[in-house]
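To start, the structure under review is shown below, and the notes come after it.
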Amino acid sequence: MYLYDLTSTKNTSLIVYHHIGLGDIVICNGMVNYISTLADTLYLAVDKKFENQAEYLYSENLNVKIISDIPSGINDLSNFVETFASENDLNILKIGWDAYSNRFLNPPFYKAFYKQLKLPYKYSYKFFEQPTYSDSENMLTRHLIDVYKIKPQKKIKLIHNEASDKIYSLNLDTNNGIFVTKDSDIFNNIFLYRDIAKKVNEIHCINSSFIHFIDRIETDADLYYHNVRGSKLRLKKNWKVINYES
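Each residue of the sequence shown is one higher than the one before, starting from 75 at the first, in my numbering.
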């Protein structure tokens with residue numbers, strides 16, 4: 075039932091079961107898009123709470139189908155995935171989970187997924203794709219500019235300081251700033267922030283799914299990584315790192 079490499083995936087339908095956080099969805103998007111060129115149909119298992127965002131992200135890849143459920147434990151969809159596989163006579167490409175794949179999990183973890191499949195990590199960027207610009211991106215931009223009363227003649231900052239566990243206080247002047255937060259996100263979809271990311275002057279991020287998203291899209295903004303969570307990241311773009319005392 076379980077596969078751990080790409081040797082048996084060509085011209086077949088299968089389930090891809092990688093880690094199920096939103097950041098994992100961003101990091102593994104390039105991998106999934108690449109594998110989808112080898113398989114007939116690829117079923118991607120995701121956490122139910124990220125289903126809509128995953129559906130949007132892969133909406134133009136006709137070889138990828140999203141399947142989702144509520145995790146039975148912490149980040150655990152094993153029972154759901156195994157049942158779906160059994161009912162549909164599918165194998166499961168399991169990435170980054172058990173004793174086999176854990177031997178690849180040397181820091182940084184996000185490169186380990188690609189190492190397991192013997193794929194270059196640059197595929198995470200090369201094959202990262204999201205849908206063509208939509209009206210929703212423009213709607214979100216207008217909404218955020220209005221909500222935060224942004225003055226376009228001043229330097230505009232896009233600030234993401236909200237993790238799954240808490241909101242972090244960052245060392246920066248938040249004047250004329252737009253926050254990436256549930257309170258002002260009318261679509262609950264980080265992939266719709268592409269338009270606003272192109273229009274701001276600075277982007278400030280903590281270690282989260284959002285920084286990995288920004289690292290994969292086009293923007294001329296000055297980039298700042300606020301290392302408030304004690305996490306060293308190896309990013310592609312030229313980020314200025316702001317460290318904090320623990």
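Note that beta-carbon positions come from the ideal geometry of N, C-alpha and C, so glycine has one too.
- [ ] Decide if L136 is buried, meaning its Cβ has at least 16 other Cβ atoms within 10 Å, or exposed.
- [x] Translated into positions along the sequence shown, residue 136 becomes position 62. Result: exposed.
Task: Inter-residue spacing [alpha-carbon to alpha-carbon] between N281 and Y242 - done: Numbered from 1 along the sequence shown, position 207 holds the residue referred to as residue 281. Numbered from 1 along the sequence shown, position 168 holds the residue referred to as residue 242. Cα to Cα, N281 sits roughly 11 Å from Y242.
Open item on the list: On the DSSP bridge list, what partners appear for L136?
Closed with: For the purposes of this step, residue 136 is identified with residue 62 of the sequence shown, where counting begins at 1. DSSP output for L136 lists no bridge partner at all.
TODO: Out of Y132, S160 and L118, point me to the one whose CA is closest to K168's CA.
DONE: One-based indexing of the sequence shown puts residue 168 at position 94. Taking only the C-alpha atoms, the option nearest K168 is L118.
Task: Short Cβ contact (8 Å threshold) for Y199 with K310 - done: In the sequence shown, the residue the question calls residue 199 occupies position 125. In the sequence shown, the residue the question calls residue 310 occupies position 236. Going by C-beta atoms, Y199 is nearer than 8 Å to K310.
TODO: Report back the beta-carbon spacing between E211 and D269 to the nearest angstrom; my notes put them in contact at under 8 Å.
DONE: On the sequence shown, position 137 is the one that residue 211 refers to. On the sequence shown, position 195 is the one that residue 269 refers to. E211 to D269, Cβ: 4 Å. Contact.
- [ ] State buried or exposed for V90, treating a residue as buried only when at least 16 other CB atoms are found within 10 Å of its CB.
- [x] Stepping through the sequence shown from its first residue, residue 90 is reached at position 16. Classification of V90: buried, given that the 10 Å Cβ count is 16 or more.
Task: Where the alpha helix (DSSP H) through D209 begins and ends - done: Indexing the sequence shown from 1 puts residue 209 at position 135. Unbroken alpha helix (DSSP H) run through D209: D209 to V221.
TODO: Could you give the DSSP three-state label for A173: helix, strand or coil?
DONE: Within the sequence shown, residue 173 is the residue found at index 99, counting from 1. Low confidence applies to A173: its pLDDT is 49, below 50, so where it sits in the model is not reliable, and the reading given next is rough at best. Note: A173 maps to helix in three-state DSSP.
Task: Spatial distance of H286 from H234 (CA atoms) - done: Taking the first residue of the sequence shown as position 1, residue 286 is located at position 212. Taking the first residue of the sequence shown as position 1, residue 234 is located at position 160. Cα-Cα distance, rounded: 12 Å.
- [ ] Return the first residue and the last residue of the alpha helix (DSSP H) that V155 is part of.
- [x] As a position in the sequence shown, residue 155 is number 81, starting the count at 1. From DSSP, the alpha helix (DSSP H) with V155 extends over S152 to N162.
- [ ] Return yes when the Cβ of A271 is within less than 8 Å of the Cβ of L244, no when it is not.
- [x] In the sequence shown, counting from the first residue as 1, residue 244 sits at position 170. In the sequence shown, counting from the first residue as 1, residue 271 sits at position 197. Not in contact: L244 and A271 (Cβ atoms no closer than 8 Å).
- [ ] Have a look at N85 and I109 and give me their C-alpha separation to the nearest angstrom.
- [x] Residue numbering aside, residue 85 sits at position 11 when the sequence shown is read from its first letter. Residue numbering aside, residue 109 sits at position 35 when the sequence shown is read from its first letter. C-alpha separation (whole angstroms): 10 Å.
TODO: Taking all protein chains shown into account, decide if Q227 is buried (16 or more other Cβ within 10 angstroms of its Cβ) or exposed.
DONE: Translated into positions along the sequence shown, residue 227 becomes position 153. That one is exposed.
- [ ] Name the residue from I224, S305, V155 and L297 whose alpha carbon lies nearest to the alpha carbon of S146.
- [x] Here residue 146 corresponds to residue number 72 of the sequence shown, with the count starting at 1. Comparing Cα positions, the closest option is V155.
TODO: State the start and end residues of the unbroken beta strand (DSSP E) segment that holds F187.
DONE: On the sequence shown, position 113 is the one that residue 187 refers to. Segment F183 to Q190 is the alpha helix (DSSP H) holding F187; no beta strand (DSSP E) there.
- [ ] Could you check the C-alpha separation between A295 and T255 for me, to the nearest Å?
- [x] Translated into positions along the sequence shown, residue 295 becomes position 221. Translated into positions along the sequence shown, residue 255 becomes position 181. About 19 Å.
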